[in-house]
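So for the sequence shown, the numbering used here puts the first residue at 322; every next one is plus one.
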Amino acid sequence: MKISRTCAFCSNKFITSHGNQRYCSTECKDSQKAISQQKLYGIFKEFRKGFVGNYKLFLTLVPKSGSKTFPLIQLTNSGFKPECYYGRAKSDQEIFYKIGDYRYSLLTDKQIQSIKIIKN
Ligand SMILES: [Zn+2]
Numbered sequence: 322m323k324i325s326r327t328c329a330f331c332s333n334k335f336i337t338s339h340g341n342q343r344y345c346s347t348e349c350k351d352s353q354k355a356i357s358q359q360k361l362y363g364i365f366k367e368f369r370k371g372f373v374g375n376y377k378l379f380l381t382l383v384p385k386s387g388s389k390t391f392p393l394i395q396l397t398n399s400g401f402k403p404e405c406y407y408g409r410a411k412s413d414q415e416i417f418y419k420i421g422d423y424r425y426s427l428l429t430d431k432q433i434q435s436i437k438i439i440k441n
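The structure is reproduced here in structure tokens:
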């Protein structure tokens, strides 16, 4: 059955030759694929940059094994990216986010947010 559709890439109307066709041409299909991969690569690059940045920041703040707490604003001002961690762990009431051999948790006390950084 032939159906009229709008190409998901160029928005041209086209007649499908098979049921689940989303693009009017191979060119449009390949272009869309290339863009998606580029986007994914961009996200990965951003994440990696944030992750490495966080790690280096932690290294200067807590260079040796132990635990220290800082006002969150101080880290944010130093370029801390709270979404750039890899792995989570829960212990007692706290959720820890992992960055290499560091883990951190966010604490709120009387509206003031702080971050506890622990190095193994
Ligand atoms: Zn198209």
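Beta carbons are placed, not taken as given, at the ideal position from N, Cα and C, and that holds for glycine. As the structure is a computational prediction, the values presented were derived from the model and not from experiment.
(message) ligand 1 and S346: does the residue's C-beta get closer than 7 Å to at least one heavy atom of that ligand?
(response) Position 25 of the sequence shown holds residue 346. Within the cutoff, so yes.
(message) Given the structure, does N333 come close to ligand 1, in the sense that its CB is under 7 Å from one of the ligand's heavy atoms?
(response) Stepping through the sequence shown from its first residue, residue 333 is reached at position 12. At least one heavy atom of ligand 1 falls within 7 Å of the beta-carbon of N333.
(request) Consult DSSP for F335 and reduce its assignment to one of helix, strand or coil. (result) Here the question's residue 335 lines up with position 14 in the sequence shown. Strand.
(request) Give a yes or no on whether 8 Å exceeds the smallest Cβ distance from F330 to chain D. (result) No chain D is part of this structure, which consists of one protein chain only.
(request) Consult DSSP for F365 and reduce its assignment to one of helix, strand or coil. (result) On the sequence shown, residue 365 is found 44 positions in, with the first residue counted as 1. Of the three classes helix, strand and coil, the one that applies to F365 here is helix, per DSSP.
(message) Please state the DSSP three-state secondary structure of F446.
(response) This structure gives no information on residue 446, because the portion of the chain shown stretches from 322 to 441.
(request) Alpha carbon to alpha carbon, how far is L427 from G371? Give it in angstroms, no decimals. (result) Reading the sequence shown from its first residue, position 50 is the one you call residue 371. Reading the sequence shown from its first residue, position 106 is the one you call residue 427. Looking at the two C-alpha atoms, the distance is approximately 18 Å.
(request) Give the range of the beta strand (DSSP E) segment to which Q395 is assigned. (result) The sequence position of residue 395 within the sequence shown is 74, counting from 1. Q395 -> not in any beta strand (DSSP E); alpha helix (DSSP H) instead, spanning L393 to N398.
(request) Determine, using beta-carbon pairs with one atom in the region 379-394 and one in the region 412-431, whether at least three such pairs fall under 8 Å. (result) yes
(request) Pick helix, strand or coil for D430, following the three-state DSSP scheme. (result) As a working note, residue 430 is residue 109 in the sequence shown. If DSSP states are grouped into helix, strand and coil, D430 belongs with the strands.
(message) Rounded to whole angstroms, what is the Cα-Cα separation between F368 and S357?
(response) Here residue 368 refers to the residue found at position 47 when the sequence shown is read from its first residue. Here residue 357 refers to the residue found at position 36 when the sequence shown is read from its first residue. Rounded to whole angstroms, F368 and S357 show a C-alpha spacing of 17 Å.
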